[in-house]
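In the working numbering, the protein residues as written are 11 to 336.
Comments concern the structure below.
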Amino acid sequence: MTECPDGKWLLLIHQIPPKPGYLRVKIWRRLQGLGAVAIKNSVYVIPRNDQTLEDFQWVLREIVQAGAEASICTASFLEGLTDEQVEALFRTARDADYGHIAEEAKAVLDAAPPSASMTDEDRSELQAALTRLKKRFSVVRKVDFFGAQGRESAATLLEKLEFRLAQARRQSVKERKEPDTWDLSQFRGRTWVTRKGVYVDRIACAWLIRRFIDRDASFRFVSERGYRPRIGELRFDMFEGEFTHEGDLCTFEVLIWRFALQDKALLEIGRIVHDLDLKDAKFKKPEIAGVSALLEGMVASSKSDEARLERGSALFDDLYEYFRRK
């Protein structure tokens, strides 16, 4: 006889009469919101953990209080459905959720005016749409138990919306100080903050900051969700950061412009960073392929942001010397 191990799944099995119909719909929506999927009529499955057990218990209580019946049990699939097939059901369900978000985000993006011509009302509407879509994305992500493929495409479109909004906001505050009037002493010994998982633009920016702007700079890597800037911090390559993309400039180019760093070697590096980050083939420098390969290998072998900055700084030191001599 096959032994049944402790199940990795929870099943909620209910018997709800067809009338009143609103109860079935209500429970169905509750289970959908928890991320559960149906494997048979009135049989729902969810990965087993303390939180999902508590969630199912609340649903069961709701069913029982309405005069219907329900049970919760742990389960292992031994015959028929396999664990892999059940996981695929979850991925399919979340892909559909992400697909709806991506479709709406694309529609908002396509309908939004160009950044240069946005009015205050346009920016307000775009912000409201972005906030709504990010909230939906967060809800889906919480119940994306097995990493659905649709997450990445939805997240990319939300990032594009954020970028469009940031461009519009920068465009609306064109009246700013000329970079060469800034007192650089105000930017010394500061904490510079950026998103976790640094790559091309952020690595290059950190190198530029520490070598040409703020030799005593310290860096902090954060998740944008829930992050609140501390007093004295300077944010770069982040949504609503002090230094981030402006117009068609990547953050590295913005730093060069804002701090009036008129160094031809830096401008050459900026063109490489621009094409690697924005992928618009604007400059088509011959060195791009080699720099890209080195960065990809470095990122693959260096998981921590600190290690990436250390190795990336050596790379950009050498690249700067190459262009300076050239």
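Note that CB positions come from ideal geometry on N, CA and C, so glycine has one too.
With distance defined between alpha-carbon atoms, name the residue in I223, S81 and F155 nearest to R200.
Among I223, S81 and F155, the Cα nearest to that of R200 belongs to I223.
Given that a residue counts as buried once 16 or more other Cβ atoms are within 10 Å of its Cβ, and exposed if not, what is R142?
Burial call: exposed.
Give me the residue from A270, V203 and E250 with the minimum Cα distance to F231.
Looking at the Cα atoms, V203 is the closest of the given residues.
Report yes or no: do three or more beta-carbon pairs, one from the stretch 126-140 and one from the stretch 19-28, lie closer than 8 Å?
No, because fewer than three Cβ pairs between the stretch 126-140 and the stretch 19-28 fall closer than 8 Å, the two stretches do not touch.
Use the C-beta contact count for D60: other C-beta atoms within 10 angstroms, 16 or more gives buried, fewer gives exposed.
That one is exposed.
Indicate whether the contact test is met: 3 or more Cβ pairs, each with one atom in the stretch 112-128 and one in the stretch 69-80, closer than 8 Å.
Counting Cβ pairs under 8 Å, fewer than three are found: no touch.
Count the other CB atoms within 10 Å of the CB of E316; is the residue buried (16 or more) or exposed (fewer)?
That one is exposed.
Should the stretch 284-291 be called in touch with the stretch 256-269, which here means at least 3 C-beta pairs below 8 Å?
The stretch 284-291 is in contact with the stretch 256-269.
I'd like the span of the alpha helix (DSSP H) that includes A299, first residue to last.
Segment I298 to S311, the alpha helix (DSSP H) holding A299.
Flag this pair as yes or no: are the beta carbons of F100 and F66 separated by less than 7 Å?
No.
How many Å lie between R179 and K145 at the Cα?
Distance between the alpha carbons of R179 and K145 is about 21 Å.
Fully enclosed by the stretch 230-296, which beta strand (DSSP E) runs are 3 residues long or longer?
Entirely contained in the stretch 230-296, not one beta strand (DSSP E) run reaches 3 residues.
Taking the alpha helix (DSSP H) that V47 belongs to, which residues open and close that run?
First-last for V47: V47 to K50, but that is the beta strand (DSSP E), not the alpha helix (DSSP H).
Per the contact definition of three or more C-beta pairs closer than 8 Å, is the stretch 119-128 in contact with the stretch 41-58?
No, because fewer than three Cβ pairs between the stretch 41-58 and the stretch 119-128 fall closer than 8 Å, the two stretches do not touch.
Which of the three DSSP states is assigned to V53 in this structure?
Strand, per DSSP.
Closest to E172 by C-alpha separation, out of F147, L140, Q159 and A164, would be which residue?
Considering only alpha carbons, the answer is L140.
When the Cα atoms are used, what is the spatial distance from E255 to R268?
The residue asked about is misnamed: residue 255 is His in this sequence, not Glu. Each residue's alpha carbon lies about 12 Å from the other.
Would you kindly work out how many angstroms separate the C-alpha atoms of S302 and G280, rounded to a whole number?
So the two alpha carbons sit approximately 14 Å from each other.
Verify whether the separation of the beta carbon atoms of A98 and W19 is less than 7 Å.
No, Cβ-Cβ distance for A98 and W19 is not below 7 Å.
From the DSSP output, read off the bridge partner residues of L21.
Its beta-bridge partners are V55 and C83.
Is R205 helix, strand or coil by DSSP?
Of the three classes helix, strand and coil, the one that applies to R205 here is strand, per DSSP.
On a CA-only basis, which of M248, S125 and G77 is nearest K29? Give me that one, please.
Selected option, being the one with the closest Cα: G77.
So what does DSSP say about S127, is it helix, strand or coil?
Correct three-state label for S127: helix.
Do you know whose CA, among E79, A48 and L44, lies nearest L63's CA?
L63 has its Cα closest to that of L44, out of E79, A48 and L44.
Quick one: what's S228 bridged to in DSSP?
S228 is bridged to T201.
I'd like the span of the alpha helix (DSSP H) that includes Q159, first residue to last.
Premise fails: Q159 is in no alpha helix (DSSP H) and is neither H nor E.
Taking buried to mean at least 16 other C-beta atoms within 10 Å of its own C-beta, is A106 buried or exposed?
With fewer than 16 Cβ atoms within 10 Å of its Cβ, A106 is classed as exposed.
Does the separation of the CB atoms of F326 and A275 fall below 7 Å?
Not in contact: F326 and A275 (Cβ atoms no closer than 7 Å).
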